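Under our numbering, think of the first position of the sequence shown as 955, with each following residue one higher.
Quick reminder that beta carbons are idealized off the backbone N, C-alpha and C, glycines included.
Remember, it's a predicted structure, so these values are computed and weren't measured experimentally.
Quick notes on the structure that follows.
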Amino acid sequence: MEQIKINGGKILSGEIKIGGAKNSAVALIPAALFAEGQTEISNVPNITDRDALFSIMRSLGVDISMKGSVVNIDSSHMKNAEISEELSNKLRASYYFMGILLAKYRHAEMYFPGGCSIGARPIDLHLKGFEALGVNISHDEESHKYTLDAQNLKGAKIHLDFASVGATINIMFAATMAEGTTIIENAAKETEIINIADFLNAMGADIKGAGTSTITINGVKEMHPASISVIPDRIEAGTYLILGAIMGKDLTVCGVNPDHITAVLNKFKDMGIDYRIDGDRITVSRTDNIKAINITTLVYPGFPTDLGQPMSVLLTQANGTSYFEETIWENRMQHVAYLNKMGANIELKDNCHAVIKGATPLHGAEINATDLRGGAALVVAGLVADGQTIISNIDYILRGYENLIKKLKNVGADIQIIGEKE
Ligand code: UD1
955 MEQIKINGGK
965 ILSGEIKIGG
975 AKNSAVALIP
985 AALFAEGQTE
995 ISNVPNITDR
1005 DALFSIMRSL
1015 GVDISMKGSV
1025 VNIDSSHMKN
1035 AEISEELSNK
1045 LRASYYFMGI
1055 LLAKYRHAEM
1065 YFPGGCSIGA
1075 RPIDLHLKGF
1085 EALGVNISHD
1095 EESHKYTLDA
1105 QNLKGAKIHL
1115 DFASVGATIN
1125 IMFAATMAEG
1135 TTIIENAAKE
1145 TEIINIADFL
1155 NAMGADIKGA
1165 GTSTITINGV
1175 KEMHPASISV
1185 IPDRIEAGTY
1195 LILGAIMGKD
1205 LTVCGVNPDH
1215 ITAVLNKFKD
1225 MGIDYRIDGD
1235 RITVSRTDNI
1245 KAINITTLVY
1255 PGFPTDLGQP
1265 MSVLLTQANG
1275 TSYFEETIWE
1285 NRMQHVAYLN
1295 KMGANIELKD
1305 NCHAVIKGAT
1315 PLHGAEINAT
1325 DLRGGAALVV
1335 AGLVADGQTI
1345 ISNIDYILRG
1355 YENLIKKLKN
1365 VGADIQIIGE
1375 KE
C-alpha cells in the first residue's frame, strides 16, 4: 500500500505552477465526444481521474493520445455501448456520459457514478432535467444501472432546485443537440462551467449565459472538432496558498487566475495574511498573528466547499476561536479526527459545524485520507506539523492533485511516497 511520508516543519520557498482545473477537465474530456474527428485539449492535469475517463472512452472505441498536458481525442470510430459498473464507479464525473451519449445517440446505459463519499451525492437533479427534455429513464434498483432513452429530445425550461454544478453541466450537454431551446434557471455559476460552454460553442453549439444563473441552449444538429485549454485549478491554487500562509517564505503560486479565488483572498485579508498579486502569480509568506475568522462554504462565487478542509488547517493556526460551517456536503468533516490527533483543538457540533480554537502546534502522526480534499488538508497539516507524518489511502489525493510530491519537493518540502502500489 502506498503512503505519503512527510517530515514537517520546513519553510517553503519558490514557485508552484498550477495545473488545469480538475473539475473542468473531467467535463471537457468527455465533451470531446460531441465532435467526430480529432479534438485537442491542452493544459490537462496529470491526475488519476483523467486516466479513469480515458478508460471509459477507450471502452467506447475512442482513440486518445497524449503529449505532456495536451490530449488528442478522436471519436471517429466511437460506438455507443453500456459503460460497465466498474468503469462508472471509478469517478463521480462518469455521470457526464449520460448527457453526452443522450445528445449524440439518444440512448445511454451506465451505472451510478463513484467518487468520494463526502455526502449522499444523489443525481436526481440530473435525471429530472433529462426527463424534462423528454428522456425515458429506467433504473434497476439492485444493480443501480440506468438506461436512458430519448426518441424525441426536446428543449425545455428547467428550474434547478439547487444550483448543482454537475446537473447544470449534464443538462447543458444533453440540450446541446436537442431540438429547440432549453433554458436552465438557477444554474450553477462556477467558473468551470464557462470553460465547458466555451468548448461546446467552439465545436458549433449555441450556448449563452454560462457563468450566470440562466443558461440558454439552442440545440444544434451538428458539432465539429475544436480545441480548448483547461482553465487553471483554483482549488489546487487555494490549497498551496493556504500552505504558504503557514509555512511559506515568498511561496509563489503561478499560472492562477486571481479573480477565480477572490473568496479565499478576501478571507486572507480578514485573517491579516499578506499576499501579493502580480498578473497570474500570487506570492504569500508565513504570517504571525493570524486572526481567527468565521467561514461558511457556499456555491460560487462564495467560499468553495472544496477548500473548506484545507482552510480548516489554517484556522488551527489562527489566534482565537473560528467557526466553520459546511453547507454543500453533509459528510465533509472526516479529516477533523485526524487533525485533532495531530494536536488541533476542533470541536464538531454536528456533521457540518465546527469550532476551531487556535493557535495549536501540530505534531506528526499516522493518519488516513478519507476523501480528496480532506486528504489534501492532511498533507498541509503534515507539512506544518513537527516530526513525521504518514498518510494512508493516498489514492484519494492523487485523483485531483497533479504531481503533488514533485511540486512540494521543488519548494523545499520533505515529502515522498513510500510503499508498493497495490
Ligand atoms: C462538483 C465538484 C465538487 C464540488 C461540488 C460543489 C466536479 C466533478 N465536482 O460536484 O468538487 O465539491 O461541485 O462545488 O465538478 N445534489 C442533489 N441532487 C443532484 C445533484 C446534487 O441533491 O442531482 C446536491 C448534492 O448532494 C450536494 C449539492 O447538491 O449537496 C451540490 O452538488 P453538486 O453541485 O452537484 O456537486 P457535484 O457536481 O457532484
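Task: Alpha-carbon spacing of Lys1360 relative to Gly1336, whole angstroms - done: Straight through space, the alpha carbons of Gly1336 and Lys1360 are spaced by roughly 16 Å.
TODO: Grab me the residues of Gly1297's own chain with a C-beta within less than 7 Å of its C-beta, minus the 5 sequence neighbours each way, in chain order.
DONE: Closer than 7 Å at Cβ, skipping near neighbours: Thr1314, Pro1315, Leu1316 and His1317.
- [ ] May I ask you to check if the CB of Lys976 is nearer than 8 Å to at least one heavy atom of ligand 1?
- [x] Yes, the Cβ of Lys976 comes within 8 Å of a heavy atom of ligand 1.
- [ ] Would you tell me roughly how many angstroms separate the C-alpha atoms of Ala985 and Gly1015, rounded to the nearest one?
- [x] Taking the straight line joining both Cα atoms gives about 15 Å.
Task: Those residues which DSSP pairs with Glu1301 across a bridge - done: Val1309
Open item on the list: Among the candidates Arg1235, Gly1256 and Ile1227, whose CA atom is the shortest distance from the CA of Thr1216?
Closed with: Gly1256
- [ ] With distances taken Cα to Cα, identify the nearest neighbour of Asp1115 among Ile1137, Gly1134, Leu1079 and Ile1231.
- [x] Closest in alpha carbon position to Asp1115, among Ile1137, Gly1134, Leu1079 and Ile1231, is Leu1079.
TODO: For Glu1284, verify whether its CB is less than 8 Å away from any heavy atom of ligand 3.
DONE: With respect to ligand 3, the structure shown offers nothing to examine, as its ligands consist of ligand 1.
Task: Reduced DSSP category for Phe1257 - H, G, I as helix; E, B as strand; rest coil - done: DSSP places Phe1257 in strand when its eight states are reduced to three.
Task: Straight-line gap, Cys1306 to Met1287 (C-alpha atoms, nearest Å) - done: Distance between Cys1306 and Met1287, taken at the CA atoms: about 7 Å.
Task: Three-state class that DSSP yields for Phe1066 in the structure shown - done: DSSP, reduced to helix, strand and coil, places Phe1066 outside both helices and strands of the structure shown, so it counts as coil.
Task: Three-state secondary structure (DSSP) of Gly1075 - done: The residue you asked about is not Gly; residue 1075 is Arg in the sequence shown. Coil, per DSSP.
Task: Secondary structure, alpha helix (DSSP H): runs of 4+ residues fully inside the region 1152-1212 - done: For the region 1152-1212, whole alpha helix (DSSP H) runs of length 4 or above, ordered along the chain, are 1188-1201.
TODO: Quick one: residues in its chain with C-beta nearer than 6 Å to the C-beta of Ala989, no 5 flanking neighbours on either side, listed in chain order?
DONE: Met1157, Met1177, His1178 and Pro1179
TODO: Measure the C-alpha to C-alpha separation of Ser1181 and Asn1220 and round it to an integer number of angstroms.
DONE: 34 Å
Open item on the list: I'd like to confirm the pairing. Which residues does DSSP put opposite His1317 in its beta bridges?
Closed with: Asp1340
Open item on the list: Less than 9 Å between the beta carbons of Lys1295 and Ala1319, yes or no?
Closed with: yes
Open item on the list: By the three-class DSSP mapping on this structure, what secondary structure does Leu1107 have?
Closed with: Note: Leu1107 maps to coil in three-state DSSP.
Task: Exposure label - Gly1192; buried when at least 16 CB within 10 Å - done: buried
- [ ] Would you check if the distance between the CB atom of Glu1374 and the CB atom of Glu1190 is smaller than 9 Å?
- [x] no
TODO: Could you work out which residue in Pro999, Ile995, Ile1037 and Glu994 is closest to Ser1013 when comparing CA atoms only?
DONE: Ile1037
Task: For Gly1173 and Ile1137, the rounded distance between their alpha carbons - done: About 11 Å.
TODO: Give the straight-line distance between the Cα atoms of Ile1148 and Gly1165, rounded to the nearest whole angstrom.
DONE: 5 Å
- [ ] Please check the pair Lys1021 and Gly1209, which I expect to be a contact at CB under 8 Å, by giving their CB distance rounded to whole angstroms.
- [x] Not really, about 19 Å apart at Cβ, beyond 8 Å.
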